[in-house]
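The numbering of the sequence shown is the numbering used here, which starts it at 1317 and goes up by one. Step one of this worksheet: look at the structure below.
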Amino acid sequence: MENGHDDEQGAAGAASTSGDKRCAWCGARNPAGAERCQQCNAAFPNPEVDAALQRDSEERIAEALDVLASQKRRRPWRGR
C-alpha cells in the first residue's frame, strides 16, 4: 500500500483517469463507453433516458392527481 492506494489500483488506477467509469454499486472499473458494469451488471446513468423517464413520470402523476380530484368533486361526501 503506497500513498493510500492498494496494489490492485497500481497500473489499472492510472488508466482510470482516462475516462474509465467506476461502478457506484461494486466499485469495479469499466470502460468509458460501458452501459452496464462488467462486474455486477448494474446500469450506468444515462442522462437522456433519465430525463425522459422523469418527464413521463411527472405527466403520469399529474394525470393521476387530476383523476383523483375529479373523483373527489363527484363524491364530496366520501373522503375529505
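Built from N, CA and C at the ideal position, the CB exists for glycine as well.
_If I measure Cβ to Cβ from Leu1381 and keep anything under 8 Å in the same chain, skipping five residues before and after, which residues do I get?_
Here residue 1381 refers to the residue found at position 65 when the sequence shown is read from its first residue. No residues qualify anywhere along the chain.
*Taking 8 Å as the threshold, find out whether the region 1335-1347 comes into contact with the region 1357-1369 through three or more Cβ pairs.*
yes
*Can you grab the Cα-Cα spacing for the pair Leu1384 / Arg1390, in whole Å?*
Counting from 1 along the sequence shown, the entry for residue 1384 is found at position 68. Counting from 1 along the sequence shown, the entry for residue 1390 is found at position 74. Cα to Cα, the separation comes out at about 10 Å.
_Ala1344 beta carbon less than 8 Å from that of Gln1354_ = By one-based count along the sequence shown, residue 1354 stands at place 38. By one-based count along the sequence shown, residue 1344 stands at place 28. Going by C-beta atoms, Gln1354 is nearer than 8 Å to Ala1344.
*What residue does the alpha helix (DSSP H) around Arg1352 start on, and which one ends it?*
Here residue 1352 refers to the residue found at position 36 of the sequence shown. Per DSSP, Arg1352 belongs to no alpha helix (DSSP H) and is neither H nor E.
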